[in-house]
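Chains as they are written, first to last, in this note's numbering: chain A, 8 to 199; chain B, 8 to 199. What follows is one structure encoded as structure tokens, with my remarks underneath.
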DNA sequence: GCTAGAACTGGCCAGTTGGCCAATAGTGGA
DNA sequence: TCCACTATTGGCCAACTGGCCAGTTCTAGC
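Set out below in structure tokens:
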């Protein structure tokens, strides 16, 4: 698929594909070597995923122009991608013309997202704000620990743990801790 | 991406791309109309996913030669794809020559999988075989329903629900239903 | 200085959970 | 045919849950 994309881009006289990489690690090496005007980065990759790669590239080259390509149509990773420093996010269903324009826009400093992306972000739950402590508790809930076990690990009373759990349920609109964990996965508060 | 792939395939004198589709629904329509020698089917698609499409095609055309393409490197869908009647499963990281050979093999009746696929299947938790009923229960656990509510919805006694939950906990090695849901997310039994 | 929120603690209680025991019926493979 | 597995039902019980009430302390913002 990468080769096919490279061929198509090279067929366009406006573009030259200077390098390709099969995974995140070699992608970073290639980036350092070639420092391309615009980088197309797949979110789903073996070994190191696109978001991690984006973070590393952005840390070293804050002005890098990177367009992220995603094949998931859920858009779970849009926010993360943009936060990691991507200058754009496209679904792989984008038509050739959309991709072409996105690359050009990225090169000239624009911020590009698939037309559907805005909708996806809007649907995305408006940042449920759990406190650091609550996120901590959530990690333990996920592991199947009960309130007493959590209390012992955190050196707090079971009443406090209960209070935190109650707060989590209220904020996430969850019926019980099980649904709370499910919602946390949906919202990206917990990672698979 | 699809256009890029089609271009590449058309550039090979052995192949003619007779049709393309942007989503599952139109893919099925196109399939019925053109009945191609070999079909390339993406697992991740908007609206209807590739596995569902595969099932529908296979039901109507059991002899269809369909190669499924996956961009996930987890391979959660390999088994489902083959069970749905796909004659092959390739990661999108496959090199052009691999894809070419896979198409030819598919056409001549072979069963093709990416070299990595066998490994992936082997790594896949062999114990994690939840029954259809258990998966069903899992959906309700995720929604925060308690045993009684699940029982009423499924028209079974609360004892039966309890037995199913107990079975899920045992199979997933979960301490409670909350951890079970978390593990289900990790293993792809539940989708975000 | 007041207020809002987070983190912490406590008691009480109905309801739920999950483990243990045991049983019946149907399906599919060896 | 027998065995393994699933789906179903039941009782019993200790433990856990989540909601209700009530507090204290501390920090951050107006």
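A virtual CB, placed ideally from N, CA and C, is assigned to each residue, including glycine.
Assignment of residue 45 of chain B by DSSP, reduced to helix, strand and coil, places it in the coil class. With a 10 Å radius around the Cβ and a threshold of 16 neighbouring Cβ atoms, residue 97 of chain A comes out buried. With a beta-carbon spacing of about 6 Å, residue 100 of chain B and residue 29 of chain A fall inside the 8 Å limit used to define contacts. Close partners of residue 46 of chain B in chain A (Cβ separation under 9 Å) are lacking, with about 16 Å as the shortest Cβ gap.
With contacts defined by Cβ atoms closer than 8 Å, residue 109 of chain B and residue 58 of chain B do not form a contacting pair. For residue 37 of chain A, no chain B residue has a Cβ inside 7 Å of its Cβ, as the nearest lies near 16 Å away.
Residue nearest to residue 47 of chain A within the set A:53, A:117, A:26 is A:26 (criterion: CA-CA distance).
Rounded to whole angstroms, residue 54 of chain B and residue 31 of chain B show a C-alpha spacing of 7 Å. For residue 23 of chain B and residue 45 of chain B, the gap between their C-alpha atoms comes out near 10 Å. At a cut-off of 8 Å, the C-beta of residue 99 of chain B has a neighbouring C-beta in chain A.
Contact between residue 188 of chain A and residue 197 of chain A holds: CB atoms are separated by about 7 Å, below the 8 Å threshold. Counting only the Cα atoms, residue 120 of chain B lies some 13 Å from residue 87 of chain B.
In the DSSP assignment, residue 199 of chain A falls outside any alpha helix (DSSP H), carrying neither H nor E. Per DSSP, the continuous alpha helix (DSSP H) segment holding residue 60 of chain B begins and ends at 57-67. Listed along chain B is no residue with a C-beta nearer than 7 Å to that of residue 70 of chain A; the closest approach is about 27 Å. Relative to the Cα of residue 150 of chain B, the nearest Cα in the group B:139, B:185, B:38 belongs to B:185.
If you draw a straight line from the Cα of residue 103 of chain A to the Cα of residue 93 of chain B, it is about 28 Å long. At a beta-carbon threshold of 7 Å, the residues of chain A lying near residue 192 of chain B are 192, 199, ordered along the chain.
Beta bridge pairing from DSSP links residue 74 of chain B with B:47, B:95.
Listed along chain B are 51, 78, 79, each with a C-beta nearer than 9 Å to that of residue 79 of chain A.
Ranked by how close their Cα comes to the Cα of residue 183 of chain A, the residues A:148, A:114, A:117 have A:148 in first place. The Cβ atoms of residue 84 of chain A and residue 50 of chain A sit closer than 8 Å to each other. Interface annotation for the segment 9-38 of chain A against chain B: 10, 11, 12, 14, 15, 29, criterion Cβ-Cβ distance under 7 Å. Residues of the segment 169-183 of chain A with a C-beta atom less than 8 Å from some C-beta of chain B are 181, 182, 183, listed in chain order.
Within chain A, no C-beta atom comes less than 9 Å from the C-beta of residue 165 of chain B; the nearest is roughly 16 Å away. Note that the C-beta distance between residue 155 of chain B and residue 165 of chain B is below 8 Å. For residue 103 of chain A, the uninterrupted alpha helix (DSSP H) segment begins and ends at 103-114.
A distance below 8 Å separates the beta carbons of residue 35 of chain A and residue 64 of chain A.
With respect to residue 145 of chain A, residue 11 of chain B sits apart: the two C-beta atoms are not nearer than 8 Å. Excluding residues up to 5 positions away in sequence, 161 lie with their Cβ nearer than 8 Å to the Cβ of residue 143 of chain A in the same chain.
Proximity of chain A to residue 151 of chain B at the Cβ level (cut-off 7 Å) is accounted for by 181, 182, 183, 185, 186, in chain order. For residue 169 of chain B, the enclosing alpha helix (DSSP H) begins and ends at 165-179. By the rule that beta-carbons nearer than 8 Å mark a contact, residue 148 of chain A touches chain B.
Interface criterion not met: the Cβ of residue 93 of chain A is under 8 Å from no Cβ in chain B. Around the beta-carbon of residue 139 of chain A, fewer than 16 other beta-carbon atoms lie within 10 Å, marking it exposed.
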